[in-house]
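Worksheet: one structure, shown below.
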Amino acid sequence: MNIGYIIRRLLGAIPLLLGISLVLFGVIHLAPGGPLDVYADNPSVTPQAMEQIRTAYGLDRPVPVQYFLWLKSMLVGDWGYSIRTGRPVLSEIVDRVRPTLELGGLSLVVSLALALPLGIISAARRHSALDHVFTFLSFAGISVPVFWLALLLQLLFSISLGWLPSAGYQTIGGGSVLDKLAHIAMPTAVLSLATVASWSRYVRSGMVDVLNQDYIRTAYAKGRRESGVILYHALRNAMIPAVTIIALDLASVISGAVITETVFAWPGIGRLFIESMDGRDYPTLMGLMMLGSAAVIAANIAADLAYASLDPRIRYE
Amino acid sequence: MSTELSRRSALKGVLFGAAALSTMRVMPVLAQARGGTLNVGLTYDIDTLNVYSTGFLGDVQAAVVEGLLAPDGHAQYVPVLALEVPTLANGGIKLVDGGGMTITYKLRPGVKWHDGAPFTSADVKFTWEAVKNPKFIAESKDGTQDIESIDTPDELTVICHYKSVVPNFASTLFTFGILPKHALEGKDLNTDSYNEKPLGTGPFVVREFKRGQYVLTERNPDYWRKDDKGVALPYIDRMVFKIITDSNTLITQLKSGELDLVVQTPYNQAKQVENVAGLELIKGSLLSWQHLDFNFRKKSLQDLAVRKAIAHAINRQTLVRAQGGFPEPIKSPVVPVFSLYDPNTPEYAFDVGLANKLLDDAGYKKAGDGIREKDGEKLSYRFVIQAGRADDELAQQVMIAQLKAVGIEAKPDNKTGVAYREARYKGDYDLNYGRWITSADPVYSVFYGTKGANNGQGYSNPQLDAVLSKMETTLEPGERKKYASEMQKILADDLPSIPLTTNVAVIAKRTKLKNLVPNPTNMTNFVDTSRWYLEG
Chain A
1 MNIGYIIRRL LGAIPLLLGI SLVLFGVIHL APGGPLDVYA DNPSVTPQAM EQIRTAYGLD
61 RPVPVQYFLW LKSMLVGDWG YSIRTGRPVL SEIVDRVRPT LELGGLSLVV SLALALPLGI
121 ISAARRHSAL DHVFTFLSFA GISVPVFWLA LLLQLLFSIS LGWLPSAGYQ TIGGGSVLDK
181 LAHIAMPTAV LSLATVASWS RYVRSGMVDV LNQDYIRTAY AKGRRESGVI LYHALRNAMI
241 PAVTIIALDL ASVISGAVIT ETVFAWPGIG RLFIESMDGR DYPTLMGLMM LGSAAVIAAN
301 IAADLAYASL DPRIRYE
Chain B
1001 MSTELSRRSA LKGVLFGAAA LSTMRVMPVL AQARGGTLNV GLTYDIDTLN VYSTGFLGDV
1061 QAAVVEGLLA PDGHAQYVPV LALEVPTLAN GGIKLVDGGG MTITYKLRPG VKWHDGAPFT
1121 SADVKFTWEA VKNPKFIAES KDGTQDIESI DTPDELTVIC HYKSVVPNFA STLFTFGILP
1181 KHALEGKDLN TDSYNEKPLG TGPFVVREFK RGQYVLTERN PDYWRKDDKG VALPYIDRMV
1241 FKIITDSNTL ITQLKSGELD LVVQTPYNQA KQVENVAGLE LIKGSLLSWQ HLDFNFRKKS
1301 LQDLAVRKAI AHAINRQTLV RAQGGFPEPI KSPVVPVFSL YDPNTPEYAF DVGLANKLLD
1361 DAGYKKAGDG IREKDGEKLS YRFVIQAGRA DDELAQQVMI AQLKAVGIEA KPDNKTGVAY
1421 REARYKGDYD LNYGRWITSA DPVYSVFYGT KGANNGQGYS NPQLDAVLSK METTLEPGER
1481 KKYASEMQKI LADDLPSIPL TTNVAVIAKR TKLKNLVPNP TNMTNFVDTS RWYLEG
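Quick note, the sequences are listed as chains A and B, same order.
The first sequence begins at 1 in the numbering used here and counts up one residue at a time.
The second sequence begins at 1001 in the numbering used here and counts up one residue at a time.
Below is the structure:
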């Protein structure tokens, strides 16, 4: 692995993040509305009071000035204060990171564990009945709306069978590992389904391409068993296109899964994002979006590095 | 979800059948069961537990923090930390020469904060100073500016000197809640940990607040209130407020038994709970109503005949059905829960024939496209509502169709958030449909007064201004009622705005939860939790 290359990529990310922050700041201020929207029906909040609140948050200043003030404090590690809650933005985010990583991480593991074998089997037995079944299931999995699937699971497991809690992170007051697993089971299943469906398609198509290559025929000619050919010769090359997709999905783990988190009352980043959006909580929104952007950039660098380790022909100077 | 939540100044109204009322009011003969955990579903993600800065109604806060007074199920004030509600009659309010007034509160002795410290007059004075402090960013500082100074001659007496006569003094400051001086003096209220774990005097104590998940409250063992037999309240041991922002999940949790109470069930979901064993729905209207406003800058809308025709053209029953059948049709902006409501207010019945006749007689002739016009002005209007509110959007479609039937064209021009607020306050519309939410002591001059801050309609009626001014400066209940009736009559005759339907709260609860008296006000249904109990 080339350390110099990694450092150069990381340095290159700095102007990129600056540019992103500028665009994001502009866009969220262009969006109609503002943090004071919530007073719309409230006759007792006078225009003078609104003006006072606006001044207190610095919202009365020109947007470019607001941006530079935000950037200045961001550069020294001050993420600002949430308009909604009055708490530091960093605490707001830190509170939500753990549930997000748990849910995202677990569904990632589940997705990988299912998508890889499904994709490989489909490719190895392409046009077989099994392949058709997997193909059908994949398209069904991609097409099923998340909120609908979530509702069905809740109806089945929480109302009809009474096996699992329908929502929440844990039993009030804290719970055992088993309790946490019971809470995370349905959100993980919902979150994994679409991912398994799409990843297994990428794995399958990558595999199909590779299996038609001459070196695969050579490997068979050498007398290797099929499992050896697929896992040793084909898989590494077949994974290259899939890695790109998986890496980008990895980045989205940190941004949370808005719908799944909302339906299952999971206290993650995705919900914080929606609440901040509703309340036009600019400091929290900027914090979250910068975090998300950084994650995407990092995942891209990681994907590039993964190519090199999968395919020795790819080298970065 | 959160856009649908009323802000805290939104006093929520409750109307329930007289039968339901009487059964709830009668104390059961058997002793109330003690103990148990009540799981409450909240539809919003709590921002802060500080009553003065939260952007939501303070449901949790109402069970934890108390004020001097609180509104009851009829939006009438009753004493809480004060011993009685100050009035002119009992000498609690004294008018001062030169226009001011003095309010004296006698405080309840023996009340303790959750940490054991005594509650005194110093806390009341501190509350005023802390909320008034310009550094404190509050959702509402209502009432702080009306007070000139506060004297605390002894630990249980508070004398507030008001700059002017403020009949609605009870709906603000000290009713929201009293802040503990000993815990908050010298602290920054914007960021203090009080906002996570408020220290109150109420029946429940906040034990744990997990952001985005739940607030766990437990029975306050030293609560001052006793029941009629002298048994210490509250009855319930634990109340858990679970944050569940998805309305489908809320219903699922009610059905699965994970929740016992949801105080704002969405109209379109409530029907699902209706026939579930062990669950019941209670309907309560909010102190809020839906209305259609006219812009008087538009020439044809200055014509009373056109306004009346529109009132006759709208079928309120259809609007009610479009909102799940829960709201009630109304004829006055004073919602019927108020004692100031005058049932004799004239009504505009749904009558398409009459609407057409009014327009014909006034000389508005239908042109080739079916739209009426007179003197070159077409009866074609820009119809503004807040975009994204499903109920409002549906009602708008209904009204567009109903207006079309009498030859009036309404074209939607819906706006979001602040843009909507600006259009509404500045009169950037021809027709505007929306809601207002009032306090328990509503001030109507802000809506219909010539200089009213919320009067974006350009409406001015000196006769009405005079009545409003008298109504809003008198403390005499009989006088207030008389002026209120006059106001409702003028508004119905002159019709600057058509009151259409009330807004209601649909409360879904487990039937074993007893003694819940829905509260119409911003102090929420949780203002009197100490008497709630779980049967069996």
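Virtual Cβ for every residue (Gly too), placed ideally from N, Cα, C.
Backbone secondary structure at residue i - three-state DSSP
i       : result
B:D1154 : strand
B:H1114 : coil
A:V76   : coil
B:F1136 : coil
B:A1232 : strand
A:N2    : coil
B:W1436 : strand
B:K1163 : coil
B:K1210 : strand
B:R1238 : strand
B:F1204 : strand
B:K1299 : coil
A:S82   : coil
B:L1306 : Strictly speaking, residue 1306 of chain B in this sequence is Val, with Leu absent from that position. Helix at B:V1306.
B:I1243 : strand
B:N1268 : helix
B:I1147 : strand
B:Y1077 : strand
B:A1070 : strand
B:M1101 : strand
B:E1084 : coil
B:R1372 : strand
Run of the alpha helix (DSSP H) containing residue i, from where it starts to where it stops
i       : result
B:F1294 : Counting along the chain, B:F1294 falls outside any alpha helix (DSSP H), though it belongs to the beta strand (DSSP E) covering L1279 to F1294.
A:V296  : Y282 to L310
B:L1500 : Segment S1497 to R1510 is the beta strand (DSSP E) holding B:L1500; no alpha helix (DSSP H) there.
A:P99   : V89 to A124
B:T1473 : Here B:T1473 belongs to no alpha helix (DSSP H), and DSSP marks it neither H nor E.
Limits of the unbroken beta strand (DSSP E) element including residue i
i       : result
B:Y1381 : S1380 to V1384
B:I1093 : I1093 to L1095
Neighbour list for residue i in chain A, Cβ cutoff strictly below 7 angstroms
i       : result
B:Y1214 : I172
B:R1219 : The contacting residues do not exist; B:R1219 stays about 15 angstroms from chain A at best.
B:Q1253 : S166 and A167
Interface partners of residue i on chain B, CB under 7 angstroms
i      : result
A:S293 : Per Cβ cutoff of 7 angstroms: no residues; A:S293 is ~23 angstroms from chain B at best.
A:Y61  : For the sequence presented, residue 61 of chain A should be read as Arg rather than Tyr. Correct list: empty, because the minimum Cβ distance to chain B is about 16 angstroms.
A:T262 : T1245 and D1246
A:I346 : Residue 346 of chain A is absent from the model: chain A starts at 1 and stops at 317.
CB contact below 7 angstroms: residue i versus chain A
i       : result
B:N1248 : yes
B:I1103 : no
B:D1047 : yes
B:T1318 : no
Any chain B beta carbon closer than 7 angstroms to residue i
i      : result
A:Y67  : no
A:Y169 : yes
A:R125 : no
A:S166 : yes
A:A265 : yes
A:I314 : no
A:I269 : no
A:E275 : yes
Pick from the options that is closest to residue i, judged by C-alpha positions
i       : options                               : result
A:V63   : A:A194, A:A294 and A:V27              : A:V27
A:W79   : A:A234, A:S138, A:R313 and A:T284     : A:T284
B:G1363 : B:V1352, B:D1351, B:D1369 and B:E1377 : B:E1377
B:T1524 : B:D1072, B:R1034 and B:D1494          : B:D1072
B:G1100 : B:Y1444, B:Q1145, B:K1229 and B:K1197 : B:Q1145
A:V144  : A:L16, A:A194 and A:F134              : A:A194
Proximal residues of chain A, C-beta to C-beta of residue i below 8 angstroms
i       : result
B:S1053 : G86
B:V1240 : I172
B:S1285 : Per Cβ cutoff of 8 angstroms: no residues; B:S1285 is ~16 angstroms from chain A at best.
Proximal chain B residues relative to residue i, where beta-carbon distance stays under 8 angstroms
i      : result
A:L98  : The question names Leu, but residue 98 of chain A in the sequence shown is Arg. The contacting residues do not exist; A:R98 stays about 11 angstroms from chain B at best.
A:I184 : Under the 8 angstroms cutoff, chain B gives no residues; its nearest Cβ is about 14 angstroms from A:I184.
Under 9 angstroms from the C-beta of residue i: neighbouring residues of chain B
i     : result
A:L90 : Result: empty, since nearest Cβ-Cβ is about 13 angstroms, beyond 9 angstroms.
Handout entry: Short-range partners of chain C found in the stretch 139-159 of chain A, where Cβ spacing is below 9 angstroms
Key = The displayed structure is made up of protein chains A and B, and chain C is not among them.
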